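Residues in the first sequence are numbered consecutively from 20, following this note's numbering. As C-alpha cells, the structure follows; a few thoughts come after it.
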Amino acid sequence: MSKVETGITVNLPDGSKFSLDGGATVADLAKSIAEGLYRKAVGALINGELKDLYTALSDGDTVRILTAEDPSALELLRHSTAHVMAEAVQRLFPQAKIAIGPTITDGFYYDFEIPEHSLSLEDLSKIEEEMKRIVKENQRIVRHQIPNVDQQISDFRSAGEKFKVELLEEHKNESPTLYLMQDKDGKTVWNDLCRGPHLPATGVIKAFKLLKVSGAYWRGDEKREQLQRIYATAWWKATDLEEYLHKLEEAERRDHRKLSKQLDLFSVHDEVGPGLIFWHPNLATIRNVIEDFWRDTHRKSGYQFVFTPHIASEKLYEISGHLQSYGENMYSAMDIDGQPYRAKPMNCPGHIMIYKSRLRSYRDLPLRLAELGTVYRYERSGVLHGMLRVRGFTQDDSHIFCTPSQLEDEINGILDLVEFMMKTFGYTYKAYLATRPEKSLGTDEEWAMATGALEAALKSRGMEYEVDEGGGVFYAPKIDIKLYDAIGREWQGPTVQVDLNLPQRFDVTYIGEDGERHQAIMLHRVVLGSMERFCGGLIEHYAGVFPTWLAPVQAIVLPIADRHREYALTALAKLQARDVRATVDDKSETVNYRIREAQMQQVPYMLIVGDKEAADGSVSVRHRRDGDLGMVKLDDFVERIAAEIKERQ
RNA sequence: GCCGACGUAGCUCAGUGGUAGAGCAGCGGUUUCGUAAACCGCAGGUCGUGGGUUCAAAUCCCACUGUCGGCUCCA
C-alpha cells in the first residue's frame with residue numbers, strides 16, 4: 020500500500036480499516052483480504068446498502084462483503100434468479116416481452132407479455148429446465164452504464180421491448196444501467212434494464228423453484244396491458260428451499276376452507292351468492308364465545324353497546340360522504356316508498372346518529388359506543404376468498420367521541436384492550452403509525468394534532484412501532500397493528516383512526532366547560548376487524564386445534580359398552596352443570612373408532628368410562644395432544660377443565 | 001371486473017368419444033369392545049347450468065355460473 024496519497028481507506032465490519040488503490044472495487048477488496056473470500060464473494064453491503072461485487076469503493080465507506088449463503092445476500096440471489104428466469108422465458112418464447120421482475124418476500128416474480136401463448140404449469144417446468152442450463156453455463160452478470168440513452172431506447176424499440184422503452188424514458192436522467200448476461204467467451208447473450216445490484220455470475224444460483232403463473236397489469240393499472248406473471252422463489256441452500264416449500268404446504272394444511280370441511284365450520288352457497296358466509300353450529304359456538312369475551316372486555320373498558328339498522332336512507336351516506344368516496348363498494352339503492360335506501364357499508368354514521376340524538380356536554384365524554392355491526396360491501400368477484408374476503412361481515416366496531424385533551428388517554432385505552440385481546444389469542448404483533456397521505460382532507464394543524472396524539476400514546480406505553488409514511492387514509496392518520504400467526508404469517512389486525520372528516524360533515528359537537536360549542540374528536544377502531552376474517556384467520560392460526568375455551572366440544576364422554584351409558588350420562592350432567600360443552604358418544608362403534616373420530620374433530624378431552632370408572636366415580640382422561648392421562652375423579656376433572664376454560668386456555 | 005386453471009355421490013378422488021366407479025361418510029343388521037378405523041349388506045350421481053358437434057358426449061366446441069391462483073383494494 021504505497022500509494023496511500025491517491026488511495027482510499029474503507030472500514031470493515033470488525034472495526035478495522037483497509038487501504039486500497041483509488042477506484043478499487045469490492046472484488047479487489049475481497050481479493051486483498053483473502054483469495055478464498057474473493058472466490059465466495061457475491062456482493063457487499065456498502066454503508067448498509069446492497070451493492071454488487073464490481074462496485075467501486077469510495078474513501079470512508081463501510082463495507083461488509085457478502086458470500087453466497089449469507090441471508091443478507093438473498094435479495095441479490097433472487098433478483099439475479101429473476102433475470103435468469105426472464106432470459107429463459109425469452110429463449111423459449113422469443114416473442115415474449117419483458118416488463119419488470121422485482122424481489123418480494125421469500126422470492127421474486129417477473130412479468131411478461133407473451134403474444135398468443137398462455138403460460139401453463141408444464142411451461143414452468145420447461146422454464147426451470149432452461150434456467151438450470153443458464154446456471155450451468157455460469158454466465159457472467161455485468162453491470163453496464165448506458166453510454167447513449169437515446170440509442171439504447173431505439174435499440175429497445177426495434178427489439179419490441181416496449182416496456183423497457185417506457186422505463187428507460189422515465190429514468191433517462193438517472194444514469195441508467197443495463198445488466199448483461201455474458202457467456203464464457205464474453206459475448207453478451209441477454210440484457211435487461213436494471214438498477215441492480217446482482218450476483219457476479221449465474222453459477223452460484225442453486226435452489227430455486229417456479230411456483231405459479233398469474234395475471235397482472237403493466238404498472239398495476241387495469242387499463243394497461245394484461246401481463247403474465249411468474250412467481251418463484253430462490254434460496255442459497257436446497258435445504259432452505261425445502262423448508263420454504265414445506266412452509267407453503269403447512270399453510271395449505273391450515274387453509275380455513277379445507278379445515279372447515281373437516282370440522283364442519285362454515286359454508287357458502289351458489290343459491291345464496293358468493294362472499295356470504297353461513298356459520299355452522301361449531302363455528303357459531305366459537306364466535307359466540309369470542310363475542311362474549313369481547314363484550315365482557317369492552318364493558319370493563321367503559322364501552323356502551325348499541326345496535327343500528329342494516330339499511331338506511333341514502334341521505335345518511337350523502338352527509339357522511341360515503342356515497343361519493345365509497346360508492347363503488349356500496350350496493351345499489353333499493354326503493355322504499357319512493358326513497359332510495361342502501362345497505363350499510365360502515366357503522367360510523369349510525370353511531371354518530373346516536374351521539375347526535377341529544378345535546379352532549381363535555382361531562383358526557385368520552386362516549387364509547389360499540390357494536391358488532393354487520394355491514395355489506397361490494398367486492399369484485401375475483402377477490403373473494405373463503406371467510407377472509409367476503410361481501411357481508413360483522414365488524415367489532417366502535418367509535419369514541421372525546422375532547423382533544425382526552426384523545427391520548429383514549430388511544431392508550433384502546434391499545435390496552437388491543438394488547439390484552441391479541442395476547443389472549445396468542446398472536447404476536449407490531450404497530451405501524453400511518454401518516455398523512457398525499458391526497459387528504461383537513462389542515463396541517465389537524466393532522467399534526469391527530470398524528471401527534473397517536474404517536475404520543477405509542478411512546479407513552481413504550482410500544483414499538485414503525486412509521487408508515489403517507490400510509491394513512493384520506494380523512495385520518497391511524498395506528499395499524501399487524502398480527503403474526505403461529506407460522507409467522509402476517510395478518511391485518513386492529514386499527515385506530517382519528518377521524519378528521521366526519522365530525523365536520525355531521526357537525527358532531529359538545530358543550531364545553533366554557534359553555535361554548537366545540538367540535539368533538541372521533542376515533543374509529545376495530546380490534547378483531549371482522550368476525551369473518553378474524554375467525555377465518557384464527558382457524559389457520561390454530562390449525563383447527565382450538566384451545567379448550569374456544570373448542571366447540573370441550574369434552575366427549577365415551578362409554579366402553581352399553582352398560583356404561585348411564586354413568587356416562589351422569590358424567591355429562593356434571594360437566595354441563597359447570598358450563599362445559601360436553602357430549603356423549605355412545606354409538607355402536609368400537610372405542611378406538613370413537614376416539615379416532617373425536618381426535619380428528621380436535622376435541623380437547625376424551626373421557627373413557629367403563630366398569631372401573633363407574634365403580635370409582637372416575638373418568639379415564641385422554642387429551643387430544645398428550646394422550647392417555649390416566650384415571651382421575653370425575654369431580655376433579657370437572658374442576659380442572661372449568662379452570663382451564665375460565666383462564667381462556 | 002381482468003388473466004389462467006378447475007367443477008364427477010355429503011367428502012376425497014378415478015374415469016378423455018361407446019352401459020358412471022372406488023374409499024370414507026350415511027342407512028340397516030351383527031358385534032359390547034379399554035386409548036387413532038370391527039364385520040356383512042343397502043342406498044346414493046340429469047357428471048355445475050344451458051346450447052352445439054356426433055350414430056353416440058362426463059369426455060370435443062360455445063356461452064353462463066361458481067370455485068381456485070393472482071392483479072387492485074381492503075375488515
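C-beta: ideal position from N, C-alpha, C; glycine also. Since the structure is predicted, the reported quantities are computational estimates derived from the model, not experimental observations.
DSSP bridge partner residues for residue i (one or two, in chain order)
i	result
Lys116	Glu132
Gly234	Gln247
Gly340	None; Gly340 has no bridge partner.
Ile123	Gly126
Met353	Tyr360
Arg272	Arg272 pairs with nothing; no bridge assigned.
Residue from the options whose Cα sits closest to the Cα of residue i
i	options	result
Gln245	Val232, Leu197 and Ala257	Val232
Tyr503	Ala450, Ala539, Asp630 and Asn520	Ala450
Asp654	Leu212, Arg643 and Ser639	Ser639
Thr124	Glu132, Ile133, Gln114 and Leu93	Leu93
Leu69	His98, Val325, Ser286 and Val108	His98
Ile614	Met625, Ile500, Glu290 and Ile430	Met625
Met406	Asp416, His299 and Ala453	His299
Asp581	Tyr612, Glu608 and Ala562	Glu608
Leu557	Ala118, Thr25, Arg273 and Gly62	Arg273
Trp209	Leu186, Phe175, Gly239 and Leu187	Phe175
His543	Ser549, Pro623 and Asp518	Asp518
Ser51	Gly67, Leu199, Ile84 and Asp169	Ile84
Ala235	Asn66, Lys228 and Arg243	Arg243
Met365	Val168, Ser549 and Glu188	Ser549
Gln573	Gly555, His560, Cys554 and Arg597	Arg597
Ala617	Leu282, Glu88 and Lys206	Leu282
Gly401	Thr393, Tyr395, Phe297 and Arg410	Arg410
Ser139	Val486, Thr122, Tyr250 and Ser380	Tyr250
Asp499	Met482, Ile506 and Gly507	Met482
Ile373	Leu403, Phe326 and Pro385	Phe326
Asp533	Arg659, Ala562, Ile540 and Tyr381	Tyr381
Met468	Ile506, Thr221, Gln425 and His329	Gln425
Arg248	Ile133, Lys606, Leu199 and Ser479	Ile133
Tyr345	Thr393, Asp487, Phe493 and Thr221	Phe493
Asp635	Met619, Thr221 and Lys652	Lys652
Val217	Val103, Glu535, Phe553 and Arg552	It should be noted that the sequence gives His, not Val, for residue 217. With distances taken between Cα atoms, His217 lies closest to Val103.
Gly294	Asn192, Tyr395, Val82 and Gln620	Tyr395
Whether residue i touches residue j by CB criterion (8 Å)
i	j	result
Thr100	Lys59	no
Pro578	Ala592	no
Ala226	Ala253	yes
Ala476	Glu427	yes
Ala389	Lys363	no
Val527	Ile430	no
Thr44	Leu96	no
Phe131	Lys151	no
Pro496	Thr454	yes
Leu197	Asp211	yes
Lys501	Tyr448	yes
Pro522	Gly491	no
Ile506	Lys266	yes
Thr221	Val161	no
Arg361	Tyr336	yes
Neighbourhood of residue i by C-beta distance below 8 Å, restricted to the same chain and skipping five residues each side
i	result
Lys36	Thr28, Val29 and Asn30
Ile338	Pro368, Arg524 and Phe525
Ala46	Tyr57, Ala60, Leu72, Tyr73 and Pro219
Thr25	Asp40 and Gly41
Val23	Here the model assigns Val23 a pLDDT of 47, short of 50, so the residue's position is not dependable, and the following value carries that caveat. Once the five neighbours on either side are set aside, the close Cβ partners of Val23 are Ser38.
Cβ-based neighbour list, residue i, same chain, cut-off 6 Å, excluding 5 preceding and 5 following
i	result
Ser21	Here the model assigns Ser21 a pLDDT of 45, short of 50, so the residue's position is not dependable, and the following value carries that caveat. Result list for Ser21: empty, nothing under 6 Å.
Leu569	Ile305 and Val308
Gly649	none
Val564	Gln621
Own chain, CB closer than 7 Å to residue i, minus 5 neighbours either side, in chain order
i	result
Gln668	Pro566, Thr567 and Trp568
Val610	Leu577, Ile579 and Ile627
Glu666	none
Asp33	none
Gly392	Thr327, Asn366, Thr413, Gln414 and Asp416
Ala590	Val576, Leu626, Val628, Val638 and Leu653
Task: Three CB pairs or more closer than 8 Å across the stretch 637 to 651 and the stretch 601 to 611 - done: no
TODO: Evaluate the contact criterion for the stretch 101 to 112 versus the stretch 132 to 146: three or more CB pairs, one atom per stretch, below 8 Å.
DONE: yes
Open item on the list: Across the stretch 503 to 515 and the stretch 433 to 444, are there enough close Cβ pairs to call them in contact, namely three or more that are closer than 8 Å?
Closed with: yes
Open item on the list: With three or more C-beta pairs closer than 8 Å as the rule, is the stretch 415 to 423 touching the stretch 341 to 355?
Closed with: no
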